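A.B. asks:
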Amino acid sequence: SPSGFSSMNLQWFLSAFGLSLCLARYQKNTFRIMMKRSELYDQLDVSMPGLISDADWVANQANFAAALFGSFGWHWVGFYRVEGEELVLGPFQGPVACTRLHRSKGVCSAAWRAKKTVVVEDVEAFVGHIACSAASRSEIVLPLCDGEGVVRAVLDIDSAELDDFSAEDQGRLEALLASVCNALLPK
Numbered sequence: 107s108p109s110g111f112s113s114m115n116l117q118w119f120l121s122a123f124g125l126s127l128c129l130a131r132y133q134k135n136t137f138r139i140m141m142k143r144s145e146l147y148d149q150l151d152v153s154m155p156g157l158i159s160d161a162d163w164v165a166n167q168a169n170f171a172a173a174l175f176g177s178f179g180w181h182w183v184g185f186y187r188v189e190g191e192e193l194v195l196g197p198f199q200g201p202v203a204c205t206r207l208h209r210s211k212g213v214c215s216a217a218w219r220a221k222k223t224v225v226v227e228d229v230e231a232f233v234g235h236i237a238c239s240a241a242s243r244s245e246i247v248l249p250l251c252d253g254e255g256v257v258r259a260v261l262d263i264d265s266a267e268l269d270d271f272s273a274e275d276q277g278r279l280e281a282l283l284a285s286v287c288n289a290l291l292p293k
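In my numbering, the protein residues as written are 107 to 293.
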């Protein structure tokens, strides 16, 4: 193990200190920690088009969110779809989330209104931020537009780390979304 703990030592350590952590999650995250973020994006670039190929856009959104969440371990990854003047919760991975967001407030709504990606280094400093989870510290939201340029949904990613999203993250996520966007929206 790169951290010097064997699985048996980790189990003893966790039980000795009354901590609860799923060992399988520890092992999965160890692999992720050993990889560079760019390598994780490279893997997603190859696998995502095949994964997001179902005729059902909801299933595709669910798998897209799960693939990002599993690859990077961000706090929350999911979609909100545009319904009138609101964003309505869609498929996601992470803790429970706000069900409806009005167009006039929040990071997701800012990306919707601007029709462009919004990166927030510190959500506490974002005027109008909607705190669906106190653990969220930084956020990136990417709009999904249809063929006419109308925003139909947004991809929202929250991190428990401050300033967790770089220009590389923005560019790689935008390219990844563009490669499968039609499969993530209703026809």
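No residue lacks a Cβ here, since even glycine has one placed at the ideal position from N, Cα and C. All of these numbers come straight from a predicted model, not from anything done at the bench.
So what does His-208 bridge to, in DSSP terms?
C.D. replies: Translated into positions along the sequence shown, residue 208 becomes position 102. Partner(s): Glu-192.
A.B. asks: So Phe-185 packs on Phe-198, CB below 8 Å; how close in whole Å?
C.D. replies: Locating residue 185 in the sequence shown gives position 79, counting from the first residue. Locating residue 198 in the sequence shown gives position 92, counting from the first residue. Indeed, because the Cβ distance is near 7 Å, the residues count as touching under 8 Å.
A.B. asks: Can you tell me which of the three DSSP states Ser-144 falls into?
C.D. replies: Translated into positions along the sequence shown, residue 144 becomes position 38. If DSSP states are grouped into helix, strand and coil, Ser-144 belongs with the helices.
A.B. asks: Where does the unbroken beta strand (DSSP E) through Asp-262 begin, and where does it stop?
C.D. replies: Counting from 1 along the sequence shown, the entry for residue 262 is found at position 156. Residues 257 to 265.
A.B. asks: Quick one: what's Cys-251 bridged to in DSSP?
C.D. replies: By 1-based counting over the sequence shown, the position of residue 251 is 145. Looking at the DSSP assignment, Cys-251 forms a beta bridge with Val-257.
A.B. asks: So, using beta-carbon positions, are Trp-218 and Val-164 closer together than 7 Å?
C.D. replies: One-based indexing of the sequence shown puts residue 218 at position 112. One-based indexing of the sequence shown puts residue 164 at position 58. Contact: no.
A.B. asks: Under 7 Å between the Cβ atoms of Ala-231 and Ala-266?
C.D. replies: Indexing the sequence shown from 1 puts residue 231 at position 125. Indexing the sequence shown from 1 puts residue 266 at position 160. No, the Cβ-Cβ distance between Ala-231 and Ala-266 is not below 7 Å.
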